[in-house]
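Take any residue in the sequence shown, note its place counting from 1, add 1171, and you have its number in the working numbering. Before any comments, here is the structure.
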Amino acid sequence: MDAHPEDLDRVVAVGMIGDPYRPRDRWLDGTPDPGWQGVAEPRRGPIPDRTHWVYVPGDPLSGVLPDCLLRGVPADAARRGHRRPRRGMWPRERRPLR
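Below, the structure written as structure tokens:
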């Protein structure tokens, strides 16, 4: 969707399953309010009115309590630059596993 934003009007719907970016106020119609949001910071995407989030009770990615220790992991990874693979992140020569 980022590569071709001119085609967004052709998208009927987007389904997000186990999304760590699920906003607090979005879940599948007909299911109970999960009461919390995804483990990462909420992100609605470019077409939130046509995006549907599926939540399964107990899912550690898409439904985490506000005081859960897992909430700090994605934020810490983003601060350290691990959100996207980077060139030069790993050494060229790797030692064999023993």
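Glycine is no exception: its CB is placed at the ideal position from the N, C-alpha and C atoms.
Item, Value
"Meets three-Cβ-pair contact criterion under 8 Å: the region 1228-1242 and the region 1197-1214", "yes"
"Chain-order list of residues whose beta-carbon lies under 7 Å from that of A1184 (same chain, five-residue window excluded)", "R1221 and H1223"
"Backbone CA spacing between Y1226 and G1201 [nearest angstrom]", "11 Å"
"C-beta contact flag for P1228 and P1205 at 8 Å", "yes"
"Exposure label - R1193; buried when at least 16 CB within 10 Å", "buried"
"R1195 vs P1219 beta-carbon contact at 8 Å", "no"
"C-beta atoms of L1320 and P1231 nearer than 8 Å", "With the chain covering only 1172 through 1269, there is no way to say anything about residue 1320."
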